[in-house]
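Novice: Submitted below is the structure of interest, expressed as structure tokens.
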Amino acid sequence: MAITEENPGYKWVGTRPIRPDGLEKVTGKAQFGADLMLPGMLFGKVVRSPHAHARIVSIDTTAAEAMVGVKAVITGSDFPDLAANGAHASDIDVANNAIAREKVLYEGHVVAAVAATTRDQAEAAAKAVEVTYEILPHVLTVDEAMAEGAPLLHEGMITKGVDPAPEEPSNVASKILHERGDLDQGFGEADVVVEREFTTKPVHQGYIEPHAAVADANSDGRAHIWCSSQGHFQMRAYSATVLGVSPGTLKVTAAEIGGGFGGKTVIYLEPLAVRLSQRAGRPVKLVMDRDEVFRATGPTSGTRIRVKMGVSQDGKITAAEVWMAYEAGAYSGSPVGAAGMTAIACYDIPNFVVEGYDVVCNKPRVAAYRAPGAPMAAFAVESVLDDLARDIGMDPIDIRLANAAVEGTQASYGPKFPRIGFVETLEAIKDHPNYTADLGPNQGRGVAAGFWFNAGMMSSATVHINENGTATVVTGSPDIGGSRQSMALMAAEELGIPYESIKAVVADTETVGFNDVTGGSRVTLATGAAVVDACRLIVEDLRARAAKTWDVEVDQVEWVDGQAQHVDGSQPPLSLSDLAAKSGRTGGPISANASLNSRGVGAGFSTQLCDVEVDPETGVTRVVRYLTAQDAGRAISPDYVEGQMQGGVVQGIGWALNEEYIHDQDGVMENPSFLDYRIPVASDLPMIDCAIVEVPNPAHPYGVRGVGEVGIVPPMAAVGNAINDAIDVRMTDLPMSPVRILEALTEQSD
Amino acid sequence: MAQVHFSAGLRDLTGGLAQVEIEATTVRRLVAALEEKFPGIGERLSDASSVAINGEIFTDAEYEPVDSDSEVHFLDIFQGG
Amino acid sequence: MARTHITAVVNGDETEFLAEDGTSLLNALRDEVGLTGAKEGCGTGDCGACSVMIDEKVTTSCLVFAPEVQGATILTVEGLADSGELHPLQQCFLEGAALQCGICTPGFLIAAKALLDKNPDPTETEIRYALAGNLCRCTGYDKIVRAVQEAAREMRGQ
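Printed below as a string of structure tokens:
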């Protein structure tokens, strides 16, 4: 329900029908990445490095190749040397991460792959590939990687963004900096200053479906890939780069995707499956097991973050100083840039310095995870803000209202905000009964807020009118959380026909125009806008066809409720099915394409309220009540907007309380299973209450902002602030596990 | 003249300047004019993934029009999840 | 390697298939029987995506060797609907938007059916504990728990 705007009287937008792909997903028919079987298909297995950092001295595949059933064995030398070809640095990193050449940079790094007629044969052959390593010293954290004399991952890495440029290489890929005003003056004006240091651990996106790809290569160089990803056009582009072929030789079909959260915007198996299929002359399926998913994909960065903030007695933030270092894993590209731009973006702060470092280390290359980079910075900043509010005796919502960014505020990352709904999310929390609900013994309440840009990028859509007046809406955006429904709802609204008359499908790379990844909360915004554009072209065409039928000018024809009407009512209306049935006479099939590079991205804000109960005996924290308020702009599909809000919150609760990568001293991951890397289960949680705020994005036809990501930004601080409220202990290291809580309680009583 | 703002991370190339005024009709021409003024900045700006013009963020802004009222910010790379 | 001949009742039909001794029931169902509704999320019994019912007990099929089900009665998600008519749980999952990506849905439906078969009127807490062996990373479980509550109400005729 719209909280801040009148419902504009849409017929379909904002309703809760059954999703178009739902039936297949409750009956087991939906085909996910690992479900495809092709005649003659081989099973593949990847060989991975057991070392965190080592030089590959030699790889001997003779024994593996001689084994029963083995049809192909490949190594890094089966792929073009992009560095020698003068490729772009980022492409070289993608290729080297897909399969190592001279060095392995993390435990789990691919060194070879095999294909055989059965799974067991493939596994046995993978074990028979003999790799000789020269083990090198490794670095696992930003502290180790930034230390004086640290072993280097990349000998030529000179820190970017530092003036003058350093002469010596290091593990610091780049520095980012944002500054405004005068820090000393700002802290001088503060009545209270709080400074704290925080750490967070790498956490995995934790999608339940492991990565999977099937490739079927032809002898003429073409290949067909079926894979589960957040963007099959992106997988085509990356695969073409790694294989050294033209993208047009590859056809990629999007399987249903079993979760991604950013982690499936990256390529791992696809080029390996293609090369194995080429070598074997048979289709090849590669599927990761969970252990491989943990060791070699995802996660997001571990971090160290220092925050110093000052407020005046009336609650105005006078200055903020933020220093942060983000693990990038094996190759540069941590989300520290976004962290620097989002860290204090919720607030209008006159004096600040935000400084950040992108640091490589011997862990898997980090992948995007829901609002990449923002949650860790928000954990630090929102925790300090909570302390400041307590110190001056101010309500946590009121201190945020006193500093909240509004339309026209110069965002900390540069431009002025257009119309945004941050204040409305704060008010929605304050107005909710949870805000004043009674708390029991050992219970506490915490508030935190978060910002995320959302993204636009490129999308294409095709709309076909079938001969009976129903419609097919074709896009190339993998549906990861109900986006087919959003597309169908907007098309129903535009065409004026029932939602049930529309089929929304996700097509392969040869059937629809280019679409960027399903990520950045962008599909309902950008692909949705392409669908709206295509529908509007259809409606124009339909009006012209009705005008032709009636022998009148097109401006005499209106499109109302799914039918053409003459403006003066002089003609009996022509429905979409009437026009479709006679399309042959009026110009042929009714169909339209629209492609765009989306503009008018609408920023997303979320404010959350968490109640916890901490058991002082065991240190166990239980979330007992949770409320999330988020500005959706317009909730096209409220069921799935709530789903995104709730899912983001619960991932954040896992990040706050349980989840972390644990490595031994050799750089080997110690907890690569769902038993030891524990994500939240149903019995850990209460219902997650949602307040959808709708402050329409003026730049989108329906006001959409995008909702997928910002929900994961506030939870760690909301939980931490609630724990602080419950037991008067400020937790600064994630996860806030029972052991850490007990340690903190012991320290407090000492 | 369009108002162009530089994040602190770019100011090593602008001699410390946080803001300049540039006469240009598109972002491409604006970047070309900046490159003349601050050699080397063109490459760094083309590495930046997005540009904000009057608060609206564009992924590929090369041909976006700017005018004398435009406020232009070049933003660091970020990726969505 | 020698393959064992296995006969079991799968989704109401007597079914024969071959499997090596070390093959999991999950892989046998997916590769030999052609039922890919049950999914492998972990292979270690921690995620529940491969849940099936064996003789009316919910089981993670990745931890069962295929030859162990000789003579057993197995229900997978493909057998939940009756002659094309959806089970109330399937209908309530659809109406309540209790799935996002859908990879965990088959396992949740089986686990929820096992609960409601034994306990037609579970509390929210009972539902949450009955589903605690099934991981979902998309929904935060809210809409799943509500869908099970709604299905239970419908099945009780309320």
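Residue numbers (this note's numbering), protein chains in the order written: chain D, 1 to 750; chain C, 1 to 81; chain A, 1 to 158. Where is the CB? At the ideal position from N, CA and C, for every residue including glycine.
If we count the other Cβ atoms within 10 Å of its Cβ and call it buried at 16 or more, is D/ASP516 buried or exposed?
Specialist: As a working mapping, residue 516 of chain D is identified with position 516 in the first sequence. Answer is buried; the Cβ neighbour count reaches 16.
Novice: Can you tell which of D/GLY149, D/GLY476, D/GLY44 has the C-alpha that lies nearest to the C-alpha of D/PRO137?
Specialist: As a position in the first sequence, residue 137 of chain D is number 137, starting the count at 1. Out of D/GLY149, D/GLY476, D/GLY44, D/GLY149 has the C-alpha closest to the C-alpha of D/PRO137.
Novice: State the CB to CB distance for the pair D/VAL330 and D/LEU153, rounded to an integer number of angstroms; the pair is presumed to be in contact (CB under 8 Å).
Specialist: For the purposes of this step, residue 330 of chain D is taken as residue 330 along the first sequence, with counting starting at 1. For the purposes of this step, residue 153 of chain D is taken as residue 153 along the first sequence, with counting starting at 1. A small fix is needed here, since residue 330 of chain D is Ala in this sequence, not Val. At roughly 7 Å, the Cβ-Cβ gap stays under 8 Å, so D/ALA330 and D/LEU153 are in contact.
Novice: Would you identify the three-state DSSP class for D/ILE3, choosing helix, strand or coil?
Specialist: For the purposes of this step, residue 3 of chain D is taken as the residue at position 3 of the first sequence. Low local confidence applies: a pLDDT of 43 at D/ILE3 is under 50, so the model's placement there is unreliable, and no value is given.
Novice: Beta carbon of D/GLY258, beta carbon of A/CYS92: below 8 Å?
Specialist: In the first sequence, residue 258 of chain D corresponds to position 258, counting from 1. In the third sequence, residue 92 of chain A corresponds to position 92, counting from 1. Contact flag unset, no.
Novice: At least one CB of chain A closer than 8 Å to the CB of D/ALA691: is that the case?
Specialist: For the purposes of this step, residue 691 of chain D is identified with residue 691 of the first sequence, where counting begins at 1. No, no contact with chain A.
Novice: Here's the rule I'm using: 16 or more other beta-carbon atoms within 10 Å means buried, otherwise exposed. How should D/HIS88 be labelled?
Specialist: Counting from one through the first sequence, the residue named residue 88 of chain D turns up at place 88. Exposed: under 16 other Cβ atoms inside 10 Å.
Novice: Identify which residue in D/ALA635, D/ILE349, D/GLY28, D/VAL739 has its Cα closest to the Cα of D/HIS700.
Specialist: For the purposes of this step, residue 700 of chain D is taken as the residue at position 700 of the first sequence. Closest option to D/HIS700, Cα to Cα, is D/ALA635.
Novice: Could you pull out every residue in the same chain whose Cβ sits closer than 7 Å to the Cβ of D/ARG390, ignoring the five residues on either side in sequence?
Specialist: The sequence position of residue 390 of chain D within the first sequence is 390, counting from 1. Nothing meets the Cβ criterion.
Novice: For the region 285-316 of chain D, which residues have a beta carbon sitting closer than 7 Å to at least one beta carbon of chain E?
Specialist: Any reference to chain E falls outside this structure, whose protein chains are D, C and A.
Novice: Could you check where the alpha helix (DSSP H) with D/GLY720 kicks off and where it finishes?
Specialist: As a working note, residue 720 of chain D is residue 720 in the first sequence. Per DSSP, D/GLY720 belongs to the alpha helix (DSSP H) from 715-727.
Novice: Should the region 29-42 of chain A be regarded as contacting the region 101-118 of chain A, the criterion being three or more beta carbon pairs within less than 8 Å?
Specialist: The region 29-42 of chain A is in contact with the region 101-118 of chain A.
Novice: For D/MET458, list the residues DSSP reports as bridge partners.
Specialist: What you label residue 458 of chain D is simply residue 458 of the first sequence in a count that begins at 1. Note: D/MET458 sits in a beta bridge opposite D/ASN597.
Novice: Who are the near neighbours of D/ALA428 in its chain, counting only those whose CB is closer than 8 Å to its CB and skipping five residues on each side?
Specialist: Within the first sequence, numbered from 1, the residue matching residue 428 of chain D stands at position 428. Taken in chain order, the residues that qualify are ILE3, THR607, ALA629, ALA691, VAL693.
Novice: Please list the residues of the region 43-69 of chain A that have a C-beta atom closer than 7 Å to any C-beta atom in chain D, keeping them in chain order.
Specialist: Taking 7 Å as the Cβ-Cβ cut-off against chain D, the residues of the region 43-69 of chain A that qualify are GLY43, THR44, ASP46, CYS47, ALA49.
Novice: Please state if the CB of D/ARG730 and the CB of D/ASP387 are separated by a distance shorter than 8 Å.
Specialist: Translated into positions along the first sequence, residue 387 of chain D becomes position 387. Translated into positions along the first sequence, residue 730 of chain D becomes position 730. It is a contact, given that the beta carbons lie within the stated cut-off.
Novice: When DSSP labels each residue in this structure, what does D/ALA190 get in the three-state scheme?
Specialist: Here residue 190 of chain D refers to the residue found at position 190 when the first sequence is read from its first residue. D/ALA190: coil per DSSP, three-state reduction.
Novice: Taking contact to mean at least 3 C-beta pairs separated by less than 8 Å, is the region 111-128 of chain A in contact with the region 138-147 of chain A?
Specialist: Yes, the region 111-128 of chain A is in contact with the region 138-147 of chain A.
Novice: Pick helix, strand or coil for D/LEU153, following the three-state DSSP scheme.
Specialist: The sequence position of residue 153 of chain D within the first sequence is 153, counting from 1. Coil, per DSSP.
Novice: Report the residue from D/VAL111, D/ASP93, D/ASN597, D/ALA544 whose alpha carbon sits nearest the alpha carbon of D/SER752.
Specialist: The structure shown does not extend to residue 752 of chain D, since chain D is modelled only from 1 through 750, so no value can be given for it.
Novice: With distance defined between alpha-carbon atoms, name the residue in D/PRO372, D/ILE397, D/ALA371, D/GLY393 nearest to D/GLU382.
Specialist: Your numbering for residue 382 of chain D matches position 382 in the first sequence. Looking at the Cα atoms, D/ILE397 is the closest of the given residues.
Novice: Quick check on D/ALA34: does DSSP put it in helix, strand or coil?
Specialist: Your numbering for residue 34 of chain D matches position 34 in the first sequence. In the structure shown, D/ALA34 sits in coil (DSSP, three-state: anything other than H, G, I, E or B).
Novice: Please check if any C-beta of chain C sits within less than 8 Å of the C-beta of D/GLU558.
Specialist: Numbered from 1 along the first sequence, position 558 holds the residue referred to as residue 558 of chain D. Taking Cβ atoms only, chain C never reaches closer than 8 Å to D/GLU558, which makes this a no.
Novice: Closest by CA to D/ALA471, which one among D/THR15, D/HIS211, D/ALA534, D/ALA255?
Specialist: Within the first sequence, residue 471 of chain D is the residue found at index 471, counting from 1. That would be D/ALA534, whose Cα lies nearest to the Cα of D/ALA471.
Novice: Can you give the Cα-Cα distance for C/VAL20 and D/ILE420, rounded to whole angstroms?
Specialist: For the purposes of this step, residue 20 of chain C is taken as the residue at position 20 of the second sequence. For the purposes of this step, residue 420 of chain D is taken as the residue at position 420 of the first sequence. If I take the Cα positions, the gap works out to 28 Å.
Novice: Measuring straight from C-alpha to C-alpha, what distance separates A/ALA2 and D/THR199?
Specialist: Mapped onto the third sequence, residue 2 of chain A falls at position 2. Mapped onto the first sequence, residue 199 of chain D falls at position 199. Going from the Cα of A/ALA2 to the Cα of D/THR199 covers about 53 Å.
Novice: Just checking: is the beta-carbon of C/LEU17 within a distance shorter than 8 Å of some beta-carbon in chain D?
Specialist: The count along the second sequence starts at 1 and reaches residue 17 of chain C at position 17. No, no contact with chain D.
Novice: For chain C, find out if any of its Cβ atoms is closer than 8 Å to the Cβ of D/ASN597; answer yes or no.
Specialist: Within the first sequence, the letter at position 597 stands for residue 597 of chain D. D/ASN597 counts as touching chain C.
Novice: Kindly indicate if chain C contains any beta-carbon less than 8 Å away from that of D/GLU179.
Specialist: In the first sequence, counting from the first residue as 1, residue 179 of chain D sits at position 179. By this cut-off, D/GLU179 is an interface position.
Novice: Which residues in chain A sit within 8 Å of D/SER683, going by Cβ to Cβ distance?
Specialist: Within the first sequence, residue 683 of chain D is the residue found at index 683, counting from 1. Going along chain A in sequence order, the residues near D/SER683 (Cβ under 8 Å) are THR125, ARG128, TYR129, LEU131, ALA132.
Novice: Extract the residue ranges of the beta strand (DSSP E) inside the region 117-162 of chain D, only unbroken runs of 3 or more that lie entirely within it.
Specialist: Here the runs fully enclosed are 130-135.
Novice: Going by other Cβ atoms of all chains shown within 10 Å of its Cβ, with 16 needed for buried, is D/ASP611 buried or exposed?
Specialist: Mapped onto the first sequence, residue 611 of chain D falls at position 611. Classification of D/ASP611: buried, given that the 10 Å Cβ count is 16 or more.
Novice: Give a yes or no on whether the minimum CB-CB distance between D/ALA371 and chain C is below 8 Å.
Specialist: Within the first sequence, residue 371 of chain D is the residue found at index 371, counting from 1. Output row for D/ALA371: interface = yes.
Novice: Alpha carbon to alpha carbon, how far is D/ALA656 from D/VAL650? Give it in angstroms, no decimals.
Specialist: Sequence index remark: in the first sequence, residue 650 of chain D carries index 650 (1-based). Sequence index remark: in the first sequence, residue 656 of chain D carries index 656 (1-based). Cα to Cα, D/VAL650 sits roughly 10 Å from D/ALA656.
Novice: State the Cα-Cα distance for the pair A/HIS5 and A/LEU18, rounded to the nearest angstrom.
Specialist: In the third sequence, the residue the question calls residue 5 of chain A occupies position 5. In the third sequence, the residue the question calls residue 18 of chain A occupies position 18. Using only the alpha carbons, I get a separation of about 5 Å.
Novice: Using C-beta distances below 8 Å, list every residue in its chain close to D/SER412, excluding the 5 sequence neighbours before and after it, in chain order.
Specialist: Working through the first sequence from its first residue, we reach residue 412 of chain D at position 412. Taken in chain order, the residues that qualify are HIS178, ARG180, MET341, ALA343, ILE344, ALA345, TYR347, ILE349, PHE352, VAL354.
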